[in-house]
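Undergrad: Input: one structure, supplied below.
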Amino acid sequence: MKTSNDNLLRLAGLAALLAGICYVFVGLFHPANVASAVTTTRWQVVHVLACAMCFFGLLGMAGLYARQAVKTGWLGLAGYLLLSLWLTIVMGFSFVEAFILPHVASAVPTFVQSWMGMFNGPAGTFDLGILPTIWTSTAPMYIGGGLLFGIATFRAGILPRWAGALLALSVALAPVAALLPNAAQPKIAVPFGMALAWLGFALLSERRTEGVVAVLPPQGRAPEGCGVMSQRGGIRHIRVGNDHDH
Numbered sequence: 055m056k057t058s059n060d061n062l063l064r065l066a067g068l069a070a071l072l073a074g075i076c077y078v079f080v081g082l083f084h085p086a087n088v089a090s091a092v093t094t095t096r097w098q099v100v101h102v103l104a105c106a107m108c109f110f111g112l113l114g115m116a117g118l119y120a121r122q123a124v125k126t127g128w129l130g131l132a133g134y135l136l137l138s139l140w141l142t143i144v145m146g147f148s149f150v151e152a153f154i155l156p157h158v159a160s161a162v163p164t165f166v167q168s169w170m171g172m173f174n175g176p177a178g179t180f181d182l183g184i185l186p187t188i189w190t191s192t193a194p195m196y197i198g199g200g201l202l203f204g205i206a207t208f209r210a211g212i213l214p215r216w217a218g219a220l221l222a223l224s225v226a227l228a229p230v231a232a233l234l235p236n237a238a239q240p241k242i243a244v245p246f247g248m249a250l251a252w253l254g255f256a257l258l259s260e261r262r263t264e265g266v267v268a269v270l271p272p273q274g275r276a277p278e279g280c281g282v283m284s285q286r287g288g289i290r291h292i293r294v295g296n297d298h299d300h
């Protein structure tokens with residue numbers, strides 16, 4: 055069971071690493087949120103990567119939280135739930151942007167204009183219902199979840215503290231995006247992607263091994279009275295002497 059759990063954590067670490075890499079690429083290459091961009095190949099590729107980021111991110115966040123759940127407490131749980139909800143919602147929006155908008159841009163341009171209005175304003179004439187409200191709610195999820203999970207990770211000290219600090223700092227800088235030009239706004243996501251990839255790599259490469267350390271003569275047989283020390287699960291056991299002495 056221990057080996058199975060270790061493998062699951064490593065897979066979760068790999069998922070978080072991939073999610074972080076995808077998010078870095080999304081931040082670096084995301085085109086401006088304008089209607090004319092939705093039919094470009096770059097737009098479609100970036101939003102397919104965004105879908106992948108969310109999918110891998112959900113798996114990765116589960117592992118990152120599970121690895122340090124006891125130490126992070128309610129702070130870590132709240133951050134994990136908020137970020138997971140954010141990833142779920144963003145995946146739905148990214149799916150529409152990758153697979154629907156490019157195909158309806160010419161047929162229903164008012165829909166595309168209204169969709170872009172959620173990000174840049176003003177609101178378009180096409181009624182999107184509750185979608186703009188849902189999108190607006192993702193901002194506090196992202197900022198609050200990142201702050202809570204980053205701080206909890208820093209305090210727990212199980213995964214790299216400075217990766218947790220970078221995660222918290224990256225979401226704290228998110229409001230600055232509103233001051234940037236439209237084309238530069240997505241780049242504010244790059245530090246978050248780097249932090250997520252860092253945490254994922256740490257979880258993937260973390261050593262979880264059992265070792266046995268013994269002092270033996272060249273013949274390979276321990277002499278009587280020789281101490282043999284083994285380490286199981288971090289607890290050391292020492293045997294001295296012959297078995298029949300016990």
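For reference, each letter of the sequence shown is one residue, going 55 to 300 in the numbering used here.
Don't be surprised by glycine CBs; every beta carbon is placed ideally from N, CA and C.
Do you know how far the Cα of P163 is from the Cα of L182?
TA: Taking the straight line from one Cα to the other gives about 13 Å.
Undergrad: Can you tell which of L113, A132, D60, N61 has its C-alpha closest to the C-alpha of G204?
TA: Of the candidates L113, A132, D60, N61, the one whose C-alpha sits nearest the C-alpha of G204 is A132.
Undergrad: So, under 8 Å CB-CB, Y196 and V230 are touching, yes? Tell me the CB distance rounded to an integer number of Å.
TA: Wrong, their Cβ atoms sit about 13 Å apart, outside the cutoff.
Undergrad: Which whole-angstrom value describes the C-beta separation of L103 and L257, a residue pair presumed to lie in contact below a C-beta threshold of 8 Å?
TA: About 21 Å; that fails the 8 Å criterion.
Undergrad: Is there contact between the segment 96 to 111 and the segment 184 to 203, where contact requires at least three CB pairs shorter than 8 Å?
TA: No, because fewer than three Cβ pairs between the segment 96 to 111 and the segment 184 to 203 fall closer than 8 Å, the two stretches do not touch.
Undergrad: When burial is assigned at 16 or more other CB atoms within 10 Å of the CB, is E144 buried or exposed?
TA: In the sequence as presented, Glu is not what sits at residue 144; that position holds Val. The residue in question, V144, is buried, as its Cβ has 16 or more Cβ neighbours within 10 Å.
Undergrad: Entirely within the segment 122 to 169 and at least 4 residues each: give me those alpha helix (DSSP H) ranges in chain order.
TA: Here the runs fully enclosed are 123 to 153, 155 to 158.
Undergrad: Note down the Cα distance separating F246 from T179, rounded to an integer number of angstroms.
TA: When rounded, the distance between both Cα atoms is 34 Å.
Undergrad: Applying the criterion that 16 or more other CB atoms from any shown protein chain within 10 Å of the CB defines a buried residue, is I242 buried or exposed?
TA: Classification of I242: buried, given that the 10 Å Cβ count is 16 or more.
Undergrad: With distance defined between alpha-carbon atoms, name the residue in G67, A69, V99 nearest to L82.
TA: Among G67, A69, V99, the Cα nearest to that of L82 belongs to V99.
Undergrad: Does the beta-carbon of V80 have 16 or more other beta-carbons within 10 angstroms, so that it is buried, or is it exposed?
TA: When all chains shown are included, V80 counts as buried.
Undergrad: Is it true that the CB of H101 sits closer than 8 Å to the CB of A152?
TA: Result yes, Cβ atoms of A152 and H101 sit closer than 8 Å.
Undergrad: Can you give me the start and stop residues for the alpha helix (DSSP H) that G175 sits inside?
TA: Looking at the DSSP string, G175 is not in any alpha helix (DSSP H), and its letter there is neither H nor E.
Undergrad: Quick one: is L221 buried, meaning 16 or more other Cβ sit within 10 Å of its Cβ, or exposed?
TA: Counting Cβ neighbours within 10 Å, L221 comes out buried, since at least 16 surround it.
Undergrad: Compare the C-alpha of N139 against each of A70, I188, M170 and name the closest.
TA: The displayed chain sequence assigns Leu, not Asn, to residue 139. Taking only the C-alpha atoms, the option nearest L139 is I188.
Undergrad: Would you kindly work out how many angstroms separate the C-alpha atoms of G171 and G254, rounded to a whole number?
TA: Their Cα atoms are separated by approximately 34 Å.
Undergrad: If you run the structure through DSSP and keep just helix, strand and coil, what is N236?
TA: In this structure, N236 counts as helix in the three-state DSSP scheme.
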